[in-house]
Amino acid sequence: MNPNLLVGNSIQNTFRYTGGNGEVSPKIQQGLPLWMSPRYIDFPQPINMPATTTKIITWTNQSFNAQAPTISVFDRLVMNNNGIDNPTWRFFDNQTGRFLSNWGVPTPLIFGQTGRSYMMPEPIIMDANTDVQATLDPNFQTGELNRYPYFHGRQYYYNNARRARLLERKRYISPFWLLPEIDITLTANQTVKYTVKVAQGHFRGLQLQLYGGSAFTLRITDVLRRQEISNTAIVHGGLAANAETVGRYPRWLACPYLLPQGSVLTFELTNLAATENQVGVALAGQMLYCPLKEVQSMLKDLAKPFTFEVGAAD
Amino acid sequence: MKSALYETANGIVGDIGELQTIPFFLTPNDPEDTILLPNPGTVRGPLAMSAPKDGPLLIRAIHANDVAQDVFAEFEIQDGSETRKLCNAPIYLRTILGQYALPYMLPQYLYLAEGNVIYINVQAIGAMSTALRLNFECVKMMRKQLDKTGRLALDRIKRRSILSMPFFATFQNGYLDLGALGTGSAQIQIPNEGSFIARKISYYSTGAFTLNITNQATKDSMILAPRETTYELPAADIIGTNGQPLDLVEPWHIGAGQKLIIDATDTSNASNRIYLTVSGEFVRTGDMR
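The listed protein sequences correspond, in order, to chains B and S.
The opening position of the first sequence corresponds to residue 662 in the working numbering, with each subsequent residue numbered one higher.
The opening position of the second sequence corresponds to residue 1323 in the working numbering, with each subsequent residue numbered one higher.
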């Protein structure tokens, strides 16, 4: 399965624009690149992130023309200072009422820089005048911070057919990060096991994200199906100097890892170092909100490319 | 014939295509999943990487946490009572290890049946402590949950694997040494048991160099040039390293027993050691039983 089919690339966005004198232009791309900042009073100053308390920030896809509502598709999150010394992020989509992770996600696992982006396994789709909130938790911060976090993607307008198609996708699929725990710090040679239940919907894992200051091993077990995803354990070498950079270069799984709702996973981590080791683990993918038996047909249908024409009749 | 069904605690819900496969990481059976090579010259093996017993694996990529491995390795696959080599000579691992989001994609899936084993023999070369953390990225087919389509696909994969499999070809003695601004030549010998369809080329060297690769038997060369003239191009410009090898736009068929001749010239003005690996598909012909 080509993961790119599910990261918005299957949504072809070519259409013709009919000019005022009736001529039809060649097919052009109507999406505009967009960096969306959260809304806050001090803009354009950076967002202040306190060291000891949580904070909620909000992105709003503002649309000023009721006749031509915009819809935005963001597949990257950008924050130029995106190391481990940052808050964790728990996103909440106000339109759907869904969280996009079971725990706050450490910054290195979801934020890239503009020239070195992290491609999310599923884009965040925002309809006109809807919000996505993030709860910032200073789990890994060592002090007060000031940062510029952005959503990066594209904005579409003037096309109800596209908007309807994207909203249909959003109804059934959300990006999701499945984490064993919010803050994993292993002591010397320690082994810990976490249990996670897939409760929100059916989780379709596409990426395995790991980072650590030192080497550690990981075993993931599907308890109900009694399946491990490795014969022994997956080793992460850990790069002390670049511990936070590798998380955003995820390992795309050889095939999607479909975990029906109710699945229980255990994550067993073993620190191979004789010193304390801060690690991050996430399965990144999609949360599917439909009956299990309709998952395959839904994915197949939403992955179909579509084209359409826009003119005076749209 | 009934197809495989997925049953939850609440009852059977029917065929779910993606539940027939799970991603799988095949790692060495070593206790810490790390092959320790503390001293230059350390030899270890054969080390086993065993497939699970409840479903075959389709191995698609090689990954290591540290690609700077000054190590030679030979791979063999035990398929029932038969052992098949996956390389013509020990491979310098730096030429075929990928990392993070860029694993080294095998030129074709390697099929590993339930309970079968991949054996690795490794030899450390460099004067550094080396811990090799290697794993193969795989698709595990859940045999008991395969539907009719899945079983047919698996059957085709299995039959194909009898005839062909991914293969790594490299210099017989492991490397080619060049003097400062010197020239040299080395051979890659294809086994007599079948043909080799080259698809990827990658290298590692201690300095810059130019090269040309020629089929000794047919005189076909990688570089389009009049056959009476030899050209060489910079390796860094035309072939890749580690997890980003050159993917040949057209597979290159090398016949059974033929040799690839690599002519190289150092351009770094210093002594230069070159390792080069060509990967592709080995199609058996001579040893059909």
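The beta carbon of each residue, even a glycine, is placed where N, CA and C say it ideally should be.
Note that this is a predicted model, so its numbers are computed, not measured.
*Outcome for V884(B) when other beta-carbon atoms lying within 10 angstroms are tallied against a minimum of 16*: Within the first sequence, the letter at position 223 stands for residue 884(B). V884(B) comes out exposed.
*asked:* Restricting to Cα atoms, I'd like to know which of E783(B), Y817(B), A943(B), L797(B) is closest to L960(B).
replied: For the purposes of this step, residue 960(B) is taken as residue 299 along the first sequence, with counting starting at 1. It is E783(B) whose Cα lies nearest to the Cα of L960(B).
*Identify each residue in the segment 1427-1457 of chain S for which the Cβ-Cβ distance to at least one residue of chain B is less than 7 Å, and report them in chain order.*
R1455, N1457
*asked:* Does chain B have any CB closer than 8 Å to the CB of S1527(S)?
replied: Within the second sequence, the letter at position 205 stands for residue 1527(S). Not an interface residue.
*Would R830(B) be called buried (16 or more neighbouring beta carbons within 10 Å of its own) or exposed?*
Stepping through the first sequence from its first residue, residue 830(B) is reached at position 169. Looking at its Cβ environment, which holds 16 or more other Cβ atoms inside 10 Å, R830(B) is buried.
*Measuring CB to CB, does G1367(S) end up less than 8 Å from I1442(S)?*
By 1-based counting over the second sequence, the position of residue 1367(S) is 45. By 1-based counting over the second sequence, the position of residue 1442(S) is 120. In this structure, I1442(S) lies closer than 8 Å to G1367(S) by Cβ.
*Beta carbon proximity, A894(B) to chain S, threshold 8 Å*: On the first sequence, position 233 is the one that residue 894(B) refers to. Cβ-Cβ to chain S under 8 Å: yes for A894(B).
*With respect to the alpha helix (DSSP H) encompassing A822(B), which residues constitute its N-terminal and C-terminal limits?*
Position 161 of the first sequence, counted from the start, is the residue given in the question as residue 822(B). Counting along the chain, the alpha helix (DSSP H) containing A822(B) begins and ends at 821-833.
*Have a look at the DSSP bridge pairing and note the partners of K858(B).*
By 1-based counting over the first sequence, the position of residue 858(B) is 197. BP columns for K858(B) point to V925(B).
*Identify whether Q957(B) lies in helix, strand or coil by the three-state DSSP scheme.*
Working through the first sequence from its first residue, we reach residue 957(B) at position 296. Correct three-state label for Q957(B): helix.
*asked:* Give me the chain S residues within the contact set of P917(B), using Cβ-Cβ distance strictly less than 7 Å, ordered along the chain.
replied: As a working note, residue 917(B) is residue 256 in the first sequence. Per Cβ cutoff of 7 Å: E1340.
*Take V1600(S) and list the residues in its own chain whose beta-carbon comes closer than 6 Å to its own, dropping the five residues that flank it on each side.*
What you label residue 1600(S) is simply residue 278 of the second sequence in a count that begins at 1. Hits under 6 Å: A1491, A1520, I1523.
_Please list, in chain order, the residues of the segment 1341-1371 of chain S that have any C-beta partner in chain B closer than 9 Å._
L1341, T1343, I1344, P1345, F1346, F1347, L1348, T1349, P1350, N1351, D1352, P1353, E1354, D1355, T1356, M1371
_What would DSSP say about A1557(S), mapped onto helix, strand or coil?_
Working through the second sequence from its first residue, we reach residue 1557(S) at position 235. Correct three-state label for A1557(S): helix.
*Apart from the five residues on each side of it in sequence, which residues of its chain come closer than 6 Å, Cβ to Cβ, to L786(B)?*
Counting from one through the first sequence, the residue named residue 786(B) turns up at place 125. According to the sequence as given, residue 786(B) is Ile; it is not Leu. Here the set comprises V734, L827, K831.
*asked:* In the DSSP output, what is D883(B) paired with across the bridge?
replied: On the first sequence, position 222 is the one that residue 883(B) refers to. Answer is Q888(B), L926(B), bridged to D883(B).
_Between the CA atoms of Q794(B) and T721(B) - distance to the nearest angstrom_ = Residue mapping note: residue 721(B) aligns to position 60 of the first sequence, counting from 1. Residue mapping note: residue 794(B) aligns to position 133 of the first sequence, counting from 1. Rounded to whole angstroms, T721(B) to Q794(B) spans 9 Å at the Cα level.
*asked:* Counting only Cβ pairs nearer than 7 Å, list the residues of chain S close to P911(B).
replied: In the first sequence, counting from the first residue as 1, residue 911(B) sits at position 250. Those within 7 Å of P911(B) in chain S are A1423.
*Excluding five sequence neighbours on each side, which residues of the same chain lie with their C-beta closer than 7 Å to the C-beta of I1381(S)?*
For the purposes of this step, residue 1381(S) is taken as the residue at position 59 of the second sequence. Cβ within range, chain order: L1348, L1428, Y1431, L1432, L1434, F1458, C1460.
*In the structure shown, what three-state DSSP assignment does F1604(S) receive?*
Here the question's residue 1604(S) lines up with position 282 in the second sequence. It is a strand residue.
*First and last residue of the uninterrupted beta strand (DSSP E) at L1507(S)*: Within the second sequence, the letter at position 185 stands for residue 1507(S). The sequence as given places Ser at residue 1507(S); Leu does not occur at that position. Run containing S1507(S): 1505-1511, per the beta strand (DSSP E) assignment.
*Mark L1485(S) as exposed unless 16 or more other C-beta atoms lie within 10 angstroms of its C-beta, in which case mark it buried.*
As a first step, residue 1485(S) is located in the second sequence; it is residue number 163 there, counting from the start. Result: exposed.
_Using a Cβ-Cβ cutoff of less than 7 Å, which residues in the same chain neighbour R737(B) once the five nearest sequence positions on both sides are dropped?_
By 1-based counting over the first sequence, the position of residue 737(B) is 76. Same-chain partners within the cutoff: G773, S778, Y779, M780, M781, H813, G814.
_Tell me the rounded alpha-carbon separation between L797(B) and L770(B)._
Reading the first sequence from its first residue, position 136 is the one you call residue 797(B). Reading the first sequence from its first residue, position 109 is the one you call residue 770(B). Using only the alpha carbons, I get a separation of about 14 Å.
*Check whether the Cβ of L1488(S) lies closer than 8 Å to any Cβ atom in chain B.*
As a first step, residue 1488(S) is located in the second sequence; it is residue number 166 there, counting from the start. The amino acid occupying residue 1488(S) in the given sequence is Pro; Leu does not appear at that position. Output row for P1488(S): interface = no.
*Where are the beta strand (DSSP E) runs, 3 residues long or more, that stay fully inside the segment 769-799 of chain B, in chain order?*
785-787, 792-798
*Boundaries of the beta strand (DSSP E) in which S1517(S) is found, first to last residue*: Along the second sequence, read from residue 1 onward, the residue named residue 1517(S) stands at position 195. Counting along the chain, the beta strand (DSSP E) containing S1517(S) begins and ends at 1516-1527.
*asked:* Check this for me: beta carbons of G692(B) and I845(B), under 8 Å apart or not?
replied: Reading the first sequence from its first residue, position 31 is the one you call residue 692(B). Reading the first sequence from its first residue, position 184 is the one you call residue 845(B). It is not a contact, given that the beta carbons lie outside the stated cut-off.
*Report yes or no: do the segment 1468-1481 of chain S and the segment 1387-1406 of chain S share at least 3 C-beta pairs separated by less than 8 Å?*
Contact fails: fewer than three Cβ-Cβ distances are below 8 Å.
*Roughly how many angstroms separate the alpha carbons of L1568(S) and Q723(B), rounded to a whole number?*
The residue given as residue 1568(S) occupies position 246 in the second sequence. The residue given as residue 723(B) occupies position 62 in the first sequence. When rounded, the distance between both Cα atoms is 46 Å.
*Would N1534(S) be called buried (16 or more neighbouring beta carbons within 10 Å of its own) or exposed?*
Position 212 of the second sequence holds residue 1534(S). Classification of N1534(S): buried, given that the 10 Å Cβ count is 16 or more.
*Would you call the segment 1489-1509 of chain S and the segment 1583-1597 of chain S touching, i.e. three or more CB-CB distances under 8 Å?*
yes
*In the structure shown, what three-state DSSP assignment does S1319(S) receive?*
Given a span of 1323 to 1611 for chain S in the structure shown, any question on residue 1319(S) remains unanswerable.
*asked:* Excluding the 5 residues flanking Q933(B) on each side, which residues of the same chain have their C-beta closer than 6 Å to its C-beta?
replied: For the purposes of this step, residue 933(B) is identified with residue 272 of the first sequence, where counting begins at 1. Looking at the sequence provided, one finds Leu at residue 933(B) rather than Gln. A876, F877.
*asked:* Output needed in chain order: residues of the segment 838-858 of chain B with a Cβ under 9 Å from some Cβ in chain S.
replied: Residues: none.
*What are the boundary residues of the alpha helix (DSSP H) that D1477(S) is part of?*
On the second sequence, residue 1477(S) is found 155 positions in, with the first residue counted as 1. Following the DSSP letters along the chain, one finds D1477(S) inside the alpha helix (DSSP H) bounded by residues 1470-1485.
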